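Just below is one structure, and these are the notes that go with it.
4 protein chains.
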Amino acid sequence: MPLDCRISTGSTTPIYRQLIDQIRLVVLRGRLTPGDRLPSVRSLAQRLVINPNTVARAYGELARDGVIESQQGKGYFVATKRQVYTRAHRRRRLAPLLEALVSEAALLDFSADDVTAALQEKLREYGLEPS
Amino acid sequence: MPLDCRISTGSTTPIYRQLIDQIRLVVLRGRLTPGDRLPSVRSLAQRLVINPNTVARAYGELARDGVIESQQGKGYFVATKRQVYTRAHRRRRLAPLLEALVSEAALLDFSADDVTAALQEKLREYGLEPS
Amino acid sequence: MPLDCRISTGSTTPIYRQLIDQIRLVVLRGRLTPGDRLPSVRSLAQRLVINPNTVARAYGELARDGVIESQQGKGYFVATKRQVYTRAHRRRRLAPLLEALVSEAALLDFSADDVTAALQEKLREYGLEPS
Amino acid sequence: MPLDCRISTGSTTPIYRQLIDQIRLVVLRGRLTPGDRLPSVRSLAQRLVINPNTVARAYGELARDGVIESQQGKGYFVATKRQVYTRAHRRRRLAPLLEALVSEAALLDFSADDVTAALQEKLREYGLEPS
DNA sequence: GTGGTCTAGACCACT
DNA sequence: GTGGTCTAGACCACC
Numbered sequence: 001m002p003l004d005c006r007i008s009t010g011s012t013t014p015i016y017r018q019l020i021d022q023i024r025l026v027v028l029r030g031r032l033t034p035g036d037r038l039p040s041v042r043s044l045a046q047r048l049v050i051n052p053n054t055v056a057r058a059y060g061e062l063a064r065d066g067v068i069e070s071q072q073g074k075g076y077f078v079a080t081k082r083q084v085y086t087r088a089h090r091r092r093r094l095a096p097l098l099e100a101l102v103s104e105a106a107l108l109d110f111s112a113d114d115v116t117a118a119l120q121e122k123l124r125e126y127g128l129e130p131s
Numbered sequence: 001m002p003l004d005c006r007i008s009t010g011s012t013t014p015i016y017r018q019l020i021d022q023i024r025l026v027v028l029r030g031r032l033t034p035g036d037r038l039p040s041v042r043s044l045a046q047r048l049v050i051n052p053n054t055v056a057r058a059y060g061e062l063a064r065d066g067v068i069e070s071q072q073g074k075g076y077f078v079a080t081k082r083q084v085y086t087r088a089h090r091r092r093r094l095a096p097l098l099e100a101l102v103s104e105a106a107l108l109d110f111s112a113d114d115v116t117a118a119l120q121e122k123l124r125e126y127g128l129e130p131s
Numbered sequence: 001m002p003l004d005c006r007i008s009t010g011s012t013t014p015i016y017r018q019l020i021d022q023i024r025l026v027v028l029r030g031r032l033t034p035g036d037r038l039p040s041v042r043s044l045a046q047r048l049v050i051n052p053n054t055v056a057r058a059y060g061e062l063a064r065d066g067v068i069e070s071q072q073g074k075g076y077f078v079a080t081k082r083q084v085y086t087r088a089h090r091r092r093r094l095a096p097l098l099e100a101l102v103s104e105a106a107l108l109d110f111s112a113d114d115v116t117a118a119l120q121e122k123l124r125e126y127g128l129e130p131s
Numbered sequence: 001m002p003l004d005c006r007i008s009t010g011s012t013t014p015i016y017r018q019l020i021d022q023i024r025l026v027v028l029r030g031r032l033t034p035g036d037r038l039p040s041v042r043s044l045a046q047r048l049v050i051n052p053n054t055v056a057r058a059y060g061e062l063a064r065d066g067v068i069e070s071q072q073g074k075g076y077f078v079a080t081k082r083q084v085y086t087r088a089h090r091r092r093r094l095a096p097l098l099e100a101l102v103s104e105a106a107l108l109d110f111s112a113d114d115v116t117a118a119l120q121e122k123l124r125e126y127g128l129e130p131s
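Protein chains in written order, with the numbering used here: chain B, 1 to 131; chain R, 1 to 131; chain Z, 1 to 131; chain D, 1 to 131.
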């Protein structure tokens, strides 16, 4: 049972973004490993009852980011070389979100402990446990 | 030395948003206190070499949020009554930012400890110390 | 003790407006009756510690509206002919405020009973009792 | 027949405010339901013969208030989750409008009964019947 | 095609 | 002088 995605058409985040995020997570969690084949554009589109172009776009962007690779005529596969981001790159991507969170928290007069506690809870939700 | 703002026109975050964030912080830090007058729309625009409409938009949104107040023909002033929010309201406003942070952190394969450490650092930057 | 006004300089409503409203009310309530003399511009300004121009402006607008009358060299007096507004005029002035109230109440999902009850309370605050 | 708005350019209330009020009402009355698409900024501007920026401003403020939501590249849609306010919050938002109404009514020498009757009428106009 | 931002400049009302 | 509104037109990002 490879890749069970759940799409909500009513959401404000576009479908192709939902696909991208879910596939990235599936790969990250190791439920699909390097070399595994993804469902074909058409089959996934049919299963999720969405436009094949939308799936194609998600696959395309994932390929551009090096998460998956296309093999002409065969389909898309999880990339063999795992994407390695530099520490700096990863921090740079996280920074604005961290900034937004803390700035809003400060404005709302949350204490440092409140924010930290809320973060722990949300991390657990995402399966990220402290060591 | 009233309200030294720094605007980067090259940034992806729009100018009016940069203004809003900086003014919110200045008020939060107490460098401008209730009743203090802000620079006039036109003078600030001239100083930052941006369009007065852009400043007006930032001021307008801050006023809608209750951070500052306008007095016709006199200018903008830091709001006298500080906004009071309910616990539920505050959590509801923080939630999407927390969600965005952790979801991106998971995608980037950060450990729970990494995120927590980064949060602590940013909290300190904002003057929020753990008790 | 004629005309005890209370001015709040911190308020967002300009001082001259506060003066106008308070004097209108005092006349309306009959605490100053037609022919009564108002404090001189300079004495009232001194008492309230505000700019004489502000008092002059308030008096001027009240005179323009026919609430008070100036007698050259003698001072300002409550108008002898009481302003008579037509029913239509008065309703026209109240209408937009009524519209604003009910429209916001509807948006906030208040019941008709809630709004009516809140109105009764506020009317009592202003000394307007139902017959 | 989607969203018939009527704009009066002669009115003292700004166009963008008229738009906001009318759209709020249309949503409230259920003539547009959650998920429904609003006319595009440019098409509505063209239809009403006003500047697109004016429509954009109205849409933008409605979005900030959570009445509608924007989906990049797709358009504006009636918000799916209806805003939930606390009792205290709702009363706080209604208070200044109530104050304005009663204060003006007192100034115009309306009786408590007059104001109450006028309120009942307007409430009925908005479909709010007393229980 | 859609919304989002910014500029330039005009006119008004208020103080 | 101040803020408030509106117009005209440009450029970008996203879908």
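Glycine included, C-beta positions come from ideal geometry on N, C-alpha and C.
Because the structure is a prediction, the values reported are computed rather than measured.
- Listed in chain order, the non-local C-beta contacts of residue 54 (chain D) below 8 Å within the same chain comprise 15, 16, 19 and 45, local neighbours out to five positions each way being set aside.
- If you check the CB distance, residue 48 (chain R) and residue 3 (chain R) do not come in under 8 Å.
- If you look at residue 70 (chain R), you'll find it in the beta strand (DSSP E) that goes 68 to 71.
- The C-alpha of residue 105 (chain B) is placed about 13 Å away from the C-alpha of residue 117 (chain B).
- Contact between the region 93 to 101 of chain D and the region 68 to 77 of chain Z is not established, with fewer than three Cβ pairs separated by less than 8 Å.
- Using a Cβ distance threshold of 8 Å, residue 41 (chain R) and residue 56 (chain R) count as a contacting pair.
- One thing to note: residue 112 (chain R) has its Cβ no nearer than 8 Å to the Cβ of residue 101 (chain B).
- Taking C-beta atoms under 8 Å as the contact rule, residue 24 (chain B) and residue 107 (chain R) qualify, at a distance of about 5 Å.
- Using a Cβ-Cβ cut-off of 8 Å, residue 90 (chain Z) counts as an interface residue toward chain D, since at least one Cβ of chain D sits closer than that to its own.
- For the pair residue 119 (chain Z) and residue 128 (chain D), the Cα-to-Cα distance works out to about 15 Å.
- Within the same chain, Cβ atoms closer than 7 Å to the Cβ of residue 51 (chain R) are found at 45, the five residues on either side in sequence being excluded.
- Annotation for residue 75 (chain D): no alpha helix (DSSP H) segment contains it, though the beta strand (DSSP E) segment containing it runs 75 to 78.
- Residues of chain D whose Cβ lies closer than 8 Å to the Cβ of residue 31 (chain Z) do not exist, since the nearest Cβ in that chain is about 14 Å away.
- Annotation for residue 71 (chain Z): 77 place their beta carbon closer than 8 Å to its own, counting only its chain and skipping 5 residues before and after.
- Annotation for residue 39 (chain B): no alpha helix (DSSP H) segment contains it, and DSSP assigns it neither H nor E.
- Contact annotation for residue 104 (chain B) against chain R: 93, 94 and 97 [CB-CB distance below 7 Å, chain order].
- Within its own chain, the residues whose Cβ lies closer than 8 Å to the Cβ of residue 63 (chain Z), once the five positions on either side in sequence are excluded, are 69, 70 and 76, listed in chain order.
- The beta carbon of residue 58 (chain Z) sits no closer than 8 Å to any beta carbon of chain D.
- Sequence-distant partners of residue 61 (chain Z) (beyond 5 residues in either direction) whose C-beta falls short of 7 Å from its own C-beta, in its chain, are 20.
- Going by DSSP, residue 4 (chain Z) is part of no alpha helix (DSSP H) at all; its letter is neither H nor E.
- Contact with chain R is absent for residue 8 (chain B), since none of that chain's Cβ atoms lies less than 8 Å from the residue's Cβ.
- For residue 59 (chain Z), the uninterrupted alpha helix (DSSP H) segment begins and ends at 52 to 64.
- A straight-line Cα-Cα distance of about 31 Å links residue 12 (chain D) and residue 34 (chain R).
- Listed in chain order, the non-local C-beta contacts of residue 27 (chain D) below 7 Å within the same chain comprise 67 and 78, local neighbours out to five positions each way being set aside.
- Look at residue 47 (chain Z) here: in three-state DSSP terms it is helix.
- Counting every other CB atom within 10 Å of its CB across the protein chains shown gives residue 85 (chain B) a total below 16, marking it as exposed.
- With a 10 Å radius around the Cβ and a threshold of 16 neighbouring Cβ atoms, residue 58 (chain B) comes out buried.
- Cβ contact annotation for residue 22 (chain B) (same chain, cutoff 6 Å, sequence separation greater than five): 5, in chain order.
- Within the region 110 to 123 of chain R, the residues whose Cβ lies closer than 8 Å to any Cβ of chain B are, in chain order, 110, 111, 112, 113, 115, 116, 118, 119, 120, 122 and 123.
- Taken atom to atom, the span from the alpha-carbon of residue 89 (chain D) to that of residue 82 (chain D) is near 15 Å.
- Residue 125 (chain D) and residue 109 (chain Z) have their alpha carbons spaced roughly 15 Å apart.
- At least 8 Å separates the CB of residue 11 (chain D) from every CB of chain Z.
- Chain-order list of chain R residues neighbouring residue 44 (chain B): empty, with the shortest C-beta distance near 20 Å, by a criterion of under 8 Å.
- Interface flag for residue 54 (chain D) against chain R is unset, since no Cβ pair is found closer than 8 Å.
- In terms of beta-carbon proximity, residue 24 (chain B) lines the interface with chain R, with at least one pair separated by less than 8 Å.
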